[in-house]
Amino acid sequence: MKKSPQLILIVLESTEVELVEKWMSEGHLPNLKKLKEGGVYSRVTTPAYISSGCVWPSLTVG
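Residue numbering for the sequence shown follows this note's numbering, starting at 125 and increasing by one per position.
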C-alpha cells in the first residue's frame with residue numbers, strides 16, 4: 125500500500141495577519157517564517173455573514 129504524503133496544517137484564526145507577517149520579517153518568528161518559506165502559505169477569508177466554524181468541515185474533509 126502506498127504511503128500518503130504527510131501534511132501539517134497550521135491555522136492562526138482571529139489573528140492580525142499583518143502583524144504576524146511583520147514579526148516574521150523582523151525576525152521575531154523565525155520558525156514560522158521557515159515553515160512559510162518552505163511550504164505553502166495562503167490567507168483564508170470568511171465572508172462576514174458566515175461563521176468561521178462553517179469553514180472548518182470544508183477545510184478538513186474537502
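By construction, the Cβ of each residue, glycine as well, lies at the ideal position given by its N, Cα and C atoms. It should be emphasised that the depicted structure is a prediction, and the values quoted were computed from it without experimental measurement.
Nearest candidate by alpha-carbon position, reference residue i, set the options
{"i": "Val135", "options": "Leu159, Tyr173 and Ile174", "result": "Leu159"}
{"i": "Leu131", "options": "Gly163, Ile174 and Val179", "result": "Gly163"}
{"i": "Arg167", "options": "Val185, Asn155, Met125 and Leu133", "result": "Leu133"}
{"i": "Thr170", "options": "Lys127, Glu137, Ser128 and Pro129", "result": "Glu137"}
C-beta contact flag for residue i and residue j at 8 Å
{"i": "Val141", "j": "Leu153", "result": "no"}
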